[in-house]
Amino acid sequence: MQRRFRASALAALVVSALLVPAALAAPVEVAHASGKLDRVSTVAAYSWWSGPLAASSASTGNVYFTAVTHQGKQRVYRVKNGRVDYVSVGNVTADDHSAPALSIWPGKPTIVVRTAHPGVMYVSTTRHLSKIKTGAASPFSKARKIPFGGLKTSYAQILRDGDRVVVLTRAGTAYDWYEVSSPDSGLTWTPPVRVLDAEGRQSYLLLRPSESDALRYHAVAYGHPKYGAENRIGYRELTFDDLWAGTVRDLRLGQFEEVVAAGDPNDDDPPAQHDLDGNVIIDANSLRLFDVVDVDGEPVVAYASWSVARSEVIYRLARRTEDGTWKRSTVAGAGGGFGAGSAKYVPGMLFDTRPDHDVVYYGYAAADASGWALASRSLEPGSTSEVIATSPRILARPQQLGDSRLLVQEIANYVTYRNFRIGVSILQG
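Next comes the structure, spelled out in structure tokens:
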């Protein structure tokens, strides 16, 4: 199996309620097969639906990432030779959905797009990332408002081709998704265009570039897990040029290919499904979407499903075959998940975006409740998982840095998405 990725991965999880020990313990350094966890912040949080959130420099090894603190400070961080510096680019009500998106492009201005949850969207740029230093003046330009006709926005996904920039966001009380475009690295913007008509349902949209064409995107969409049996994950292809031109308009989920649909949450014995090896697996009572890539020219979607009756949360993959059908397979259990109500939050999944690395990462709770782990597993059927890090805190929302390292959240306390204590570590490769 050969795979060639052309983009940074960002992933997607919205957490609402978790109670674990209230105080952050001392930084943890966990040895594993090829590295360790290095704590780089004790007050940084981010969520899934904005991005890119992190990147590294191939020439210097410096790491850059964005986050929002438990006090609502929106920051851009730089990690250089073990030293951590940051500058603040905005202030919002504390909310882990409000981490900015960060786009770094060789020879072009670095772009930061930020908003609240919900709020007004702003853009700032810089050509001097090396000047990020705690306590010093910010190298980013004065924030400029991106107009959305009075609609408040949540999340920002940056798609880019040099100076051409497209930003996707959810806007308004109807949960629709819009895009705006800039021809000049964020100096000017087109009026917003509605890309996804959510039909009044709380919706999420995620785009990832194709392995063969960085301007062709895999788009996956679904509704909030609270919709239970009515929920489904849909897929379709979109192109950067069509989004850039504003010709992608008013799509509905019914116009997407159905990847997977949730089962009946009132049914104690959901209809059986089978994985790629023919084994019976439990049908979904609800769903949570994480990531999408393509393998051998076909899309693969990472998601979690669970049975309400059994309180089982399962990480799964859905692969589209050459005949256009979707085949589902089980990766691993998530250890039951966390959070209250219908959301069923779990640490999440992430595909490795490096060439010839057919791997999915996922976090889970230890079966004996002794802690949390991050594991990797090959996408080849019949493969086994390797634990790559453990912690007494929840290891969640992994982000790839473009090399062998991962950015990982260590969640020490999570009451709501506005009341949390979260640290960020770099998992060394």
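Numbered per this note's numbering, the sequence shown spans residues 1466 to 1894.
Cβ coordinates follow ideal geometry from the N, Cα and C atoms, glycine included.
query, result
"Going by CA-CA distance only, name the one from Gln1720, Pro1764, Asp1788, Ser1850 that's closest to Tyr1780.", "Ser1850"
"Checking 8 Å against the spacing of the C-beta atoms, do Val1505 and Val1873 come in under that value?", "no"
"Leaving aside the five residues before and after Ile1891 along the sequence, list all residues of the same chain whose C-beta is less than 8 Å from its C-beta, in chain order.", "Leu1502, Asp1503, Val1505, Val1528, Val1544, Leu1866, Arg1870, Leu1871, Leu1872, Val1873"
"For His1689 and Gly1600, what's the separation of their Cα atoms in angstroms?", "40 Å"
"If I measure Cβ to Cβ from Arg1886 and keep anything under 7 Å in the same chain, skipping five residues before and after, which residues do I get?", "Leu1489, His1535, Ala1877, Asn1878"
"Determine the direct distance from the alpha carbon of Gly1651 to that of Gly1762, and round the result to whole angstroms.", "32 Å"
"Between Val1544 and chain C, is any beta-carbon pair separated by less than 8 Å?", "Note that chain C does not occur in the displayed structure, where there is just one protein chain."
"Exposed or buried, which one is Gly1526 when buried takes at least 16 other CB atoms within 10 Å?", "exposed"
"Are Ala1663 and Arg1697 close, meaning C-beta to C-beta below 8 Å?", "no"
"Just to check my reading of the structure: Val1858 and Trp1837 have Cβ atoms closer than 8 Å, yes? What is that Cβ distance to the nearest angstrom?", "The sequence shown places Arg at residue 1858, not Val. Contact holds; Cβ gap of about 7 Å."
"Is the Cβ-Cβ distance between Tyr1700 and Ala1679 less than 8 Å?", "no"
"Is it true that the CB of Ala1566 sits closer than 8 Å to the CB of Gly1516?", "yes"
"From Gly1665 to Gly1614, what does the alpha carbon distance come to, in whole angstroms?", "19 Å"
"I need the boundaries of the alpha helix (DSSP H) containing Leu1708, first residue and last residue.", "1705-1710"
"Would you report the Cα separation of Thr1935 and Leu1839, rounded to the nearest angstrom?", "The requested residue 1935 does not occur in the structure, where the chain is confined to residues 1466 to 1894."
"Between Ile1853, Leu1782, Tyr1768, Gly1789, which has its C-alpha nearest Ser1751's C-alpha?", "Tyr1768"
"Measure from the alpha carbon of Ala1797 to the alpha carbon of each residue in Thr1786, Trp1791, Gly1789, Val1825, then state which is nearest.", "Val1825"
"Quick one: is Gly1555 buried, meaning 16 or more other Cβ sit within 10 Å of its Cβ, or exposed?", "buried"
"My understanding is that Gly1553 touches Gln1539, with C-beta atoms under 8 Å, so please give their C-beta distance in whole angstroms.", "This sequence places Ser at residue 1553; Gly is not what is there. Indeed, because the Cβ distance is near 7 Å, the residues count as touching under 8 Å."
"Alpha carbon to alpha carbon, how far is Pro1656 from Val1631?", "12 Å"
"Run the CB neighbour count on Glu1875, radius 10 Å, all protein chains shown included, and call it buried at 16 or more, exposed below.", "buried"
"For a minimum of 3 consecutive residues, which ranges assigned as the beta strand (DSSP E) are wholly contained in the stretch 1602-1642?", "1618-1626, 1629-1636"
"Mind checking whether Asp1759 and Ser1675 have CB atoms under 8 Å apart?", "yes"
"For Asp1561, name the three-state secondary structure that DSSP assigns.", "helix"
"State yes or no: is the C-beta of Tyr1551 within less than 8 Å of the C-beta of Val1533?", "no"
"Given this structure, state the Cα-to-Cα distance separating Ala1581 from His1562, to the nearest angstrom.", "7 Å"
"What residue does the beta strand (DSSP E) around Thr1590 start on, and which one ends it?", "1587-1591"
"Under 8 Å between the Cβ atoms of Arg1625 and Trp1709?", "no"
"Measure the C-alpha to C-alpha separation of Asp1740 and Arg1784 and round it to an integer number of angstroms.", "Residue placement at Asp1740 is poorly supported in this model, since its pLDDT is 46, which falls under 50; the coordinates are not used for a value here."
"Where Arg1609 and Ser1589 are concerned, what is the direct C-alpha to C-alpha distance, given to the nearest angstrom?", "7 Å"
"Among residues of its own chain, excluding the 5 on either side of Arg1629, which ones have a beta-carbon nearer than 7 Å to its beta-carbon?", "Pro1648, Trp1709"
"How about Val1757 and Val1778: do their beta carbons lie closer than 8 Å?", "no"
"Could you check what DSSP says for Leu1718 in three-state terms: helix, strand or coil?", "helix"
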